[in-house]
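**Q** Got a structure for you, questions after.
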Amino acid sequence: MAHHSLPPPPPLASLQNAADSAQAETWINTFKAQAIPKDLVEFSFSRSSGPGGQNVNKVNTKATLRCSLDATWIPQWAKAALKQSPAYVSSNRKIMITSTVYRSQAQNIQDCLLKLHNLILSTASASLIKEPSNEQKARVRNLQRVEKENRKAEKSYRSQVKRSRSSRDWD
1 MAHHSLPPPP PLASLQNAAD SAQAETWINT FKAQAIPKDL VEFSFSRSSG
51 PGGQNVNKVN TKATLRCSLD ATWIPQWAKA ALKQSPAYVS SNRKIMITST
101 VYRSQAQNIQ DCLLKLHNLI LSTASASLIK EPSNEQKARV RNLQRVEKEN
151 RKAEKSYRSQ VKRSRSSRDW D
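Counting from 1, one number per residue, gives the positions in the sequence shown under the UniProt record's numbering.
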């Protein structure tokens, strides 16, 4: 396999706790800053519909990217979500992304790589377990306290209503 500069993801099949998420988040932040090298994926080219003028039926500008889901640089915990993606082709266990946005093959290649990068980032980030902030925890505690007070006030009011019904002296 060719040497590449992408960081190897931590060997986590799923994100069970905050420690796993912290490892995953470190990888995601490193991965976010890097581009996927062309040699890690397969490209094929075909004629594109859309703008192209005189070249439209002569030049293969449509780029189709195929990337194996078994690639070592794709995190294990993201693979289940990637299988649910519309870009996943189950017959060959590959992710397939096409681009016909640009009139040049090189720009469409870059567009495919960017789409793949964003897809992997979003699926890898989706299962992160975020620890709530201290402000969020304090807010939840406050809401629970207010709810408890309101419940208690409602109960004592109901109790008062019932007591007023039963303790009448009917002389």
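Even glycine gets a Cβ: it sits at the ideal position worked out from N, Cα and C.
A quick note: this is a predicted structure, and the numbers were derived from the prediction, not measured.
According to DSSP, is A2 helix, strand or coil?
**A** Indexing the sequence shown from 1 puts residue 2 at position 2. Its pLDDT being 47, under 50, A2 is placed unreliably by the model, and the measurement read from it follows with that caveat. Here A2 sits in coil by DSSP.
**Q** If I measure Cβ to Cβ from A78 and keep anything under 6 Å in the same chain, skipping five residues before and after, which residues do I get?
**A** Residue numbering aside, residue 78 sits at position 78 when the sequence shown is read from its first letter. Contacts found: T123, A124.
**Q** Evaluate contact between the region 23 to 42 and the region 68 to 76, counting only Cβ atoms and requiring at least three cross-stretch pairs below 8 Å.
**A** Because the criterion of three Cβ pairs below 8 Å is met, the region 23 to 42 and the region 68 to 76 touch.
**Q** Can you tell me which of the three DSSP states S44 falls into?
**A** Locating residue 44 in the sequence shown gives position 44, counting from the first residue. Strand.
**Q** Kindly indicate which residue of S5, R103, A81, I36 has the alpha-carbon position closest to the one of T62.
**A** Stepping through the sequence shown from its first residue, residue 62 is reached at position 62. At residue 62 the sequence reads Lys, which differs from the Thr that was named. With distances taken between Cα atoms, K62 lies closest to R103.
**Q** Let me confirm a value: V41 is counted as buried when at least 16 other C-beta atoms fall within 10 Å, else exposed. Which label applies?
**A** By 1-based counting over the sequence shown, the position of residue 41 is 41. Answer is buried; the Cβ neighbour count reaches 16.
**Q** Are the beta-carbon atoms belonging to K32 and L121 less than 8 Å from one another?
**A** Within the sequence shown, the letter at position 32 stands for residue 32. Within the sequence shown, the letter at position 121 stands for residue 121. Yes, Cβ-Cβ distance for K32 and L121 is below 8 Å.
**Q** Suppose you measure from the CA of S166 to the CA of Y157; what does that come to, to the nearest Å?
**A** On the sequence shown, position 166 is the one that residue 166 refers to. On the sequence shown, position 157 is the one that residue 157 refers to. For S166 and Y157, the distance between alpha carbons rounds to 15 Å.
**Q** May I ask you to report which of helix, strand or coil DSSP gives R139?
**A** Indexing the sequence shown from 1 puts residue 139 at position 139. R139 falls in the helix class under three-state DSSP.
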